[in-house]
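Colleague: Residue numbers (the numbering used here): 2 to 602.
1) Would you check if the distance between the CB atom of residue 579 and the CB atom of residue 551 is smaller than 8 Å?
2) In chain order, what residues of the same chain have a beta carbon less than 8 Å from the beta carbon of residue 336, not counting five sequence neighbours either side?
3) Can you tell me the Cβ-Cβ gap for residue 135 and residue 164, rounded? I've got them flagged as a contact below 8 Å.
4) First and last residue of the beta strand (DSSP E) that includes residue 484?
5) If you drop the 5 nearest sequence neighbours on each side, which residues of the same chain put their C-beta closer than 8 Å to that of residue 320?
6) Between 119, 113 and 159, which lies nearest to residue 144 when the distance is taken from Cα to Cα?
7) Please list the segments of the alpha helix (DSSP H) lying wholly inside the stretch 135-171, counting only runs of 4 or more residues, in order along the chain.
8) From the DSSP secondary-structure annotation, give me the bridge partner or partners of residue 17.
9) For residue 520, does the count of other Cβ atoms within 10 angstroms reach 16, so buried, or fall short, so exposed?
10) Following the continuous beta strand (DSSP E) through residue 382, name the residue where it begins and the one where it ends.
11) When the distance is taken between beta carbons, is residue 491 closer than 8 Å to residue 509?
12) Just the Cα atoms here: how many angstroms apart are residue 455 and residue 437?
13) Would you mind reading off the limits of the beta strand (DSSP E) that contains residue 519?
14) Count the C-beta pairs between the stretch 237-245 and the stretch 215-226 that are closer than 8 Å, then say yes if the count reaches three, no if not.
15) Per DSSP, what are the beta-bridge partners of residue 306 in this structure?
16) Are there 16 or more other CB atoms within 10 angstroms of the CB of residue 49, so buried, or fewer, so exposed?
17) Helix, strand or coil for residue 63, going by three-state DSSP, please let me know.
18) Does the Cβ-Cβ distance between residue 348 and residue 412 come in under 8 Å?
19) Could you tell me which residues DSSP pairs with residue 126 in its beta bridges?
20) If distances are taken between C-alpha atoms only, which option among 206, 402, 470 and 394 comes closest to residue 386?
21) Mapping the DSSP letters down to three states, classify residue 408 as helix, strand or coil.
22) Between the alpha carbons of residue 605 and residue 368, how many angstroms are there, rounded?
23) For residue 26, does the three-state DSSP call read helix, strand or coil?
24) Assuming residue 103 and residue 65 make a contact with CB atoms under 8 Å, what is their CB distance in whole Å?
25) On the CB-based measure, 16 or more other CB atoms within 10 Å of its CB, does residue 554 come out buried or exposed?
26) First and last residue of the alpha helix (DSSP H) that includes residue 421?
27) According to the Cβ coordinates, are residue 381 and residue 417 closer than 8 Å?
28) Taking only the alpha-carbon atoms, compute the straight-line gap between residue 435 and residue 468 and give it to the nearest angstrom.
29) Report yes if the C-beta distance between residue 374 and residue 482 is below 8 Å; otherwise report no.
30) What do you reckon, are the CB atoms on residue 269 and residue 233 nearer than 8 Å?
31) Quick check on residue 403: does DSSP put it in helix, strand or coil?
32) Considering only the alpha carbon of each residue, which of 282, 288, 290 and 277 lies closest to residue 296?
33) Alpha carbon to alpha carbon, how far is residue 365 from residue 377?
34) Report the option in 570, 200, 168 and 334 whose CA atom is closest to the CA atom of residue 313.
35) Return the CA-CA distance between residue 398 and residue 518, expressed in angstroms with no decimal places.
36) State the CB to CB distance for the pair residue 405 and residue 487, rounded to an integer number of angstroms; the pair is presumed to be in contact (CB under 8 Å).
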């Protein structure tokens with residue numbers, strides 16, 4: 002494309018529920034616009050991580066610039082900003098959407114509207130984006146196009162009379178989609194001044210060149226040699242190179258208003274680049290940043306420990322490398338009596354935790370265990386001091402606590418009507434509060450619930466899938482902090498507290514949880530030559546106890562016949578020995594026990 006014309010630029014994103022065919026549609030768009038030669042084409046081209054392909058989810062978003070000649074004879078530059086679909090990454094999605102003027106809403110013809118479709122549509126509507134509905138997978142035998150159209154109109158409130166029908170697999174309807182992008186999505190707005198303002202919507206760490214900063218230029222121009230300033234941190238860097246993605250990075254002379262690309266400025270530390278921040282010129286800076294920036298804060302915390310303590314250094318290096326490509330991962334060192342040295346890590350949600358855990362195991366070949374995930378509780382002390390605590394080890398003295406607040410989330414759950422009873426039983430078990438129930442059509446119910454976050458971070462999704470036979474879907478967003486009766490459940494093995502098993506839990510669940518953990522430990526801790534008590538305690542009160550029986554040794558085997566008093570003497574001697582052993586004996590807990598306790602329900 003030769004000359005620059007802001008009227009012939011289109012920036013768009015695709016929003017969809019997991020597995021509704023977003024990456025496949027992206028492949029077809031790249032193919033039809035000849036951005037990628039046919040011989041280099043492969044499935045899910047923009048998902049370049051092995052884990053993304055295996056799970057069929059987008060973890061890291063990818064921008065790409067395509068050139069398309071429309072039916073009106075004009076050449077358009079179309080910037081597609083790919084977004085992750087999962088609720089854990091909703092802030093990244095919101096920043097990517099802020100860099101666009103339009104969004105394609107992709108819905109699976111066989112499954113219809115799902116929970117995450119709704120969540121991401123709300124993000125697009127809040128940003129006044131033009132939304133074009135697309136029904137994908139029309140080639141499937143189970144496709145129900147009319148029902149999907151009905152749901153688009155009823156649930157989302159968009160006009161479905163002109164919906165694009167396509168199949169990402171066969172390529173049917175993709176031409177029509179491109180024409181829609183050109184005709185329905187508005188071009189970027191003309192800038193009101195020449196001051197440089199760029200929105201950072203992502204970043205990526207390259208071990209040879211430092212951080213690649215992904216930007217959408219709102220006003221001004223950025224080129225090699227420009228001195229730029231990050232507005233949230235006030236740090237200044239000199240731009241060494243600017244480029245666009247096709248889909249691999251290609252250098253260009255400069256980026257102008259409305260364009261999407263990246264720059265390299267010898268930035269060594271990803272902490273200097275924050276998603277949502279504004280880049281401006283150092284010499285002639287803009288007075289105020291672009292709206293919507295906030296620092297990403299972790300929601301879920303868990304301890305990560307190496308199984309073999311000699312791998313501690315390797316684990317630390319691996320976490321530092323992961324942090325370079327994932328600014329949302331928080332890491333600090335901690336130690337535990339039972340597990341030795343490890344790290345306390347903060348994540349955006351449970352999927353984020355799973356992905357980091359998997360990447361540590363696969364990419365760095367590490368043997369690791371995680372402690373039970375916990376959330377951040379707000380403690381108000383008697384003197385009025387406020388503390389944020391996510392680790393049971395830091396639980397303050399109960400007599401000094403005035404009140405505790407726990408985080409609650411608002412959740413949208415979609416299920417077929419037949420499973421209503423099963424869902425309500427599950428929600429009750431998780432201390433959920435139903436706010437409203439809507440019937441979308443004969444096959445779908447949408448329920449809005451409030452849940453305490455600590456109840457749903459471990460296994461809610463798995464249980465929802467099992468009670469609804471895989472048909473249920475849900476997503477959640479932070480709602481508020483509420484007062485709750487949160488206590489520390491301490492697990493003691495042979496009278497010694499084991500900090501790795503201790504958890505912060507709601508009082509109503511403490512006894513149930515304590516019994517489950519004690520029963521599990523009784524199964525997994527090997528028997529010793531003396532009895533081992535396993536107890537769950539709240540403060541000084543024992544609420545549950547299991548006893549691991551002693552291995553017996555027959556000390557009277559060598560006595561045959563003779564007086565009973567000889568045997569009694571030996572039994573007495575054995576009793577004293579066991580008593581002494583119980584006093585000084587140490588119980589070693591196998592690593593498998595930690596994994597088993599996490600699964601204890």
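Beta carbons: idealized from backbone N, C-alpha and C, even for Gly. All figures in this text were calculated on a predicted structure; none of them were measured in a lab.
Modeller: This is what the structure holds:
1) For residue 579 and residue 551, yes; Cβs fall inside 8 Å.
2) Within the same chain, residue 336 has close Cβ partners 342 and 343.
3) Going by Cβ atoms, the distance from residue 135 to residue 164 rounds to 7 Å, so yes, they are a contact pair.
4) Counting along the chain, residue 484 sits inside the beta strand (DSSP E) bounded by residues 474-484.
5) Sequence-distant partners of residue 320 (beyond 5 residues in either direction) whose C-beta falls short of 8 Å from its own C-beta, in its chain, are 305, 330, 332, 344, 346 and 361.
6) Among 119, 113 and 159, the Cα nearest to that of residue 144 belongs to 113.
7) If only uninterrupted alpha helix (DSSP H) runs of at least 4 residues are considered, those enclosed by the stretch 135-171 are 146-152.
8) According to DSSP, residue 17 bridges with 107.
9) Per the 10 Å Cβ criterion, exposed.
10) Residue range 378-382 is occupied by the beta strand (DSSP E) that includes residue 382.
11) Taking 8 Å as the Cβ cut-off, residue 509 and residue 491 do not qualify as a contacting pair.
12) Approximately 22 Å, taken between the alpha carbons.
13) Where residue 519 is concerned, there is no enclosing beta strand (DSSP E), although the alpha helix (DSSP H) around it starts and stops at 508-525.
14) Taking 8 Å as the limit for Cβ pairs, the verdict is that the stretch 215-226 does touch the stretch 237-245.
15) Beta bridge pairing from DSSP links residue 306 with 370.
16) With a pLDDT of 47 at residue 49, under the threshold of 50, the modelled position of that residue is not reliable, and the figure given next carries that caveat. Burial state of residue 49 is exposed, judged by a 10 Å Cβ sphere holding fewer than 16 other Cβ atoms.
17) Assigned with DSSP and collapsed to three states, residue 63 falls in coil, not helix or strand.
18) No Cβ-Cβ contact shorter than 8 Å links residue 348 with residue 412.
19) Partner(s): none; residue 126 has no beta bridge.
20) Checked all of 206, 402, 470 and 394; the closest Cα to residue 386 is 402.
21) Annotated three-state conformation of residue 408 is strand, per DSSP.
22) Not covered by the structure: residue 605. The range shown for the chain is 2 to 602.
23) Looking at residue 26 - three-state DSSP - the assignment turns out to be helix.
24) With a contact defined as Cβ atoms closer than 8 Å, residue 103 and residue 65 miss out at about 16 Å.
25) Exposed: under 16 other Cβ atoms inside 10 Å.
26) According to the DSSP assignment, residue 421 belongs to the alpha helix (DSSP H) that extends over 421-430.
27) For residue 381 and residue 417, no; Cβs fall outside 8 Å.
28) Our two residues, residue 435 and residue 468, have alpha carbons roughly 18 Å apart in a direct line.
29) No, the pair does not count as a contact, with Cβ atoms beyond the cut-off.
30) No; because the gap between Cβ atoms is not below 8 Å, this pair is not in contact.
31) Correct three-state label for residue 403: strand.
32) For residue 296, the nearest C-alpha among the options comes from 277.
33) The alpha-carbon separation between residue 365 and residue 377 amounts to approximately 29 Å.
34) Per the Cα distances, 334.
35) Here the alpha carbon of residue 398 sits roughly 23 Å from the alpha carbon of residue 518.
36) The pair is a contact, with the Cβ atoms about 4 Å apart (cut-off 8 Å).
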